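Chemist:
In my numbering, the protein residues as written are 109 to 499.
1) Please identify the residue among 369, 234 and 141 whose C-alpha is closest to the C-alpha of residue 190.
2) Tell me the rounded alpha-carbon separation between residue 458 and residue 309.
3) Any idea what DSSP makes of residue 191, helix, strand or coil?
4) Could you name the residues that DSSP lists as bridge partners for residue 326?
5) Note down the Cα distance separating residue 372 from residue 401, rounded to an integer number of angstroms.
6) Compare the beta carbon distance of residue 486 and residue 209 with 9 angstroms and say whether it is the shorter of the two.
7) Mind checking who residue 135 pairs with in its DSSP beta bridge?
8) Using the three-state DSSP reduction, which class does residue 492 fall into: helix, strand or coil?
9) My guess is that residue 479 and residue 179 are in contact by the Cβ rule of under 8 angstroms, so how many angstroms apart are they, rounded?
10) I need the DSSP call for residue 120, collapsed to helix, strand or coil.
11) Does residue 108 come out as helix, strand or coil in the three-state DSSP assignment?
12) Sort 279, 370 and 240 by Cα distance to residue 344 and report the nearest one.
13) Tell me, to the nearest whole angstrom, how far the beta carbon of residue 161 is from that of residue 214; I am working on the premise that it is less than 8 angstroms.
14) Given that a residue counts as buried once 16 or more other Cβ atoms are within 10 Å of its Cβ, and exposed if not, what is residue 128?
15) Would you mind reading off the limits of the alpha helix (DSSP H) that contains residue 290?
16) Under 9 angstroms between the Cβ atoms of residue 483 and residue 293?
17) Sort 165, 177 and 186 by Cα distance to residue 198 and report the nearest one.
18) Please report the distance separating the alpha-carbon of residue 139 from that of residue 157.
19) If I follow the unbroken beta strand (DSSP E) through residue 214, where does it start and stop?
20) Let me know the secondary structure DSSP gives residue 168 once reduced to three states.
21) Between the stretch 306 to 320 and the stretch 337 to 355, do three or more beta carbon pairs fall short of 8 angstroms?
22) So what's residue 430 in DSSP terms, helix, strand or just coil?
23) Report yes if the C-beta distance between residue 391 and residue 334 is below 9 angstroms; otherwise report no.
24) Quick check on residue 226: buried or exposed, where buried means 16 or more other Cβ atoms within 10 Å of its Cβ?
25) Who pairs with residue 144 in a beta bridge, going by DSSP?
26) The alpha helix (DSSP H) spanning residue 176 covers which residue range?
27) Check whether the stretch 278 to 289 touches the stretch 461 to 471, taking contact to mean three or more Cβ pairs, one atom from each stretch, closer than 8 angstroms.
28) Roughly how many angstroms separate the alpha carbons of residue 251 and residue 368, rounded to a whole number?
29) Going by DSSP in three states, residue 259 sits in which element: helix, strand or coil?
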């Protein structure tokens, strides 16, 4: 193949207007300085507890570190300093293949590779190229999740490079998308925190709707909910399993039409509540909006003498969570119904107040779902541009 034919291939699917030149390939070692660090002797207490952040592979995107080194620890080890803003690459460990920008000035260990662009290579462009190439790097060098990456492997990568100006445009656009995604993630996290605050404040009666003044009473959970035990083996109803629920949110991670229809489980009705009793700290709960079958270690709870929407909020509150996690077994703990069902919970006597509480949190849930969908769209947009702005 001629060089001209090769150059024709080095053109991305999507380009900014005004750029037509073919890209070139350069080894990463030709366009960036790289180095990794080391770990001071662990038994030397005088090497730790200082003021120098010690950045390990799981912390390359963090603004704080678990460990800090002293100047003596840094000077008597192969740990190396990096500046805020340097590209960091996780060579091995659970985060192998991850790439980030250092948020602190600190020292790195041997599992982290610092990558400092030289010449006219733009830092943001190189960062985004590494992000885009992550899957290919892992599939090539960490087959089956086994093995480690190394500085030599990363330095030998062939980087696709456009002109300086095109690098800058690509880097700026993808950085802007990252910033928008981060902003929406913060909004989503804040909304979840507000929801949790309101839930605990209302269930503890620190906050009430002003139109309600009737007292609340203590009721055993077993008086508020009955456990459904009817099992179905053959039916065309959708099946809900543990992995179908987004932990802590009470949402399905797929459409009901995508749920399975073959496994045996407990038959649930509209407005029943599914609670994952196995490893209750996973917070697998669901307020059903359809009829179906709960597959696996679920309690299916049906409201009695209480509004289902209010019962659902009780079950997702801190008091229920604390009781459910008083369980037997260390490896596979299960919530104990005999304990939970006998516990007292404060309940409004006025059913309208119960309904109002349920409606408030339904609105908050809908807002959270809306923000999560926006996040998903932004992440899909970022993935599309990563795929198409590069060769």
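Think of the CB as a built atom: it goes at the ideal place given N, C-alpha and C, for glycine as much as any other residue.
The structure displayed is predicted, hence computed values, not measured ones.
Modeler: Taking the structure as given:
1) 141
2) 18 angstroms
3) coil
4) According to DSSP, residue 326 bridges with 454.
5) 8 angstroms
6) no
7) Paired residues: 266.
8) Here residue 492 sits in helix by DSSP.
9) Their Cβ separation, rounded to whole angstroms, is 45 angstroms, which puts residue 479 and residue 179 out of contact at 8 angstroms.
10) coil
11) In the structure as shown, the chain starts at 109 and stops at 499, and residue 108 therefore has no counterpart that could be examined.
12) 370
13) 3 angstroms
14) exposed
15) For residue 290, the enclosing alpha helix (DSSP H) covers residues 272 to 311.
16) Yes, they are a contact pair.
17) Closest by C-alpha distance to residue 198, out of 165, 177 and 186, is 165.
18) 36 angstroms
19) Per DSSP, the unbroken beta strand (DSSP E) holding residue 214 starts and ends at 214 to 216.
20) coil
21) no
22) helix
23) no
24) exposed
25) Looking at the DSSP assignment, residue 144 forms a beta bridge with 221.
26) Premise fails: residue 176 lies in the beta strand (DSSP E), 175 to 177, not in any alpha helix (DSSP H).
27) no
28) 30 angstroms
29) Here DSSP, grouped into helix, strand and coil, assigns residue 259 to helix.
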